[in-house]
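Residue numbers (this note's numbering): 225 to 355.
Glycine included, every Cβ here is placed at the ideal spot set by N, Cα and C.
None of these values were measured; they are calculated from a predicted model.
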């Protein structure tokens, strides 16, 4: 088998979503891209859940003004907890009200290793009774 020629283009990545606009990247760290807002802004609730690959969910409020939507309450904690900085990439897939699946990539474009759980999460309630 011979290697592909330099002019050969790989097929575009598959998106299991019926609409490719359901995915977006955030580069300004708090504002949802205008194209996404034009297409889906009316479907967004005032509070969304950011779902990470480790199963964590982060509740974040949205502020809607004119044709713009920003992440608000809960976003700063999410950013601080994951040590996000300029150069990190976040890929969001909108899964309908109120869910966004989120992938976080570091500055080398490698997906980060997610913590097992947030420090303020309490473990499952103990079923051991004290006598």
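Rounded separation between residue i and residue j - CA only
{"i": "residue 317", "j": "residue 297", "result": "20 Å"}
{"i": "residue 305", "j": "residue 263", "result": "30 Å"}
{"i": "residue 332", "j": "residue 302", "result": "20 Å"}
{"i": "residue 309", "j": "residue 321", "result": "27 Å"}
{"i": "residue 325", "j": "residue 278", "result": "11 Å"}
{"i": "residue 282", "j": "residue 295", "result": "12 Å"}
{"i": "residue 334", "j": "residue 254", "result": "21 Å"}
{"i": "residue 261", "j": "residue 280", "result": "25 Å"}
{"i": "residue 307", "j": "residue 290", "result": "30 Å"}
{"i": "residue 300", "j": "residue 319", "result": "22 Å"}
Cβ distance (whole Å) where residue i is taken to contact residue j below 8 Å
{"i": "residue 273", "j": "residue 323", "result": "5 Å"}
{"i": "residue 293", "j": "residue 268", "result": "6 Å"}
{"i": "residue 328", "j": "residue 336", "result": "5 Å"}
Reduced DSSP secondary structure (H/G/I, E/B, other) of residue i
{"i": "residue 285", "result": "strand"}
{"i": "residue 267", "result": "helix"}
{"i": "residue 280", "result": "coil"}
{"i": "residue 338", "result": "coil"}
{"i": "residue 275", "result": "strand"}
{"i": "residue 321", "result": "coil"}
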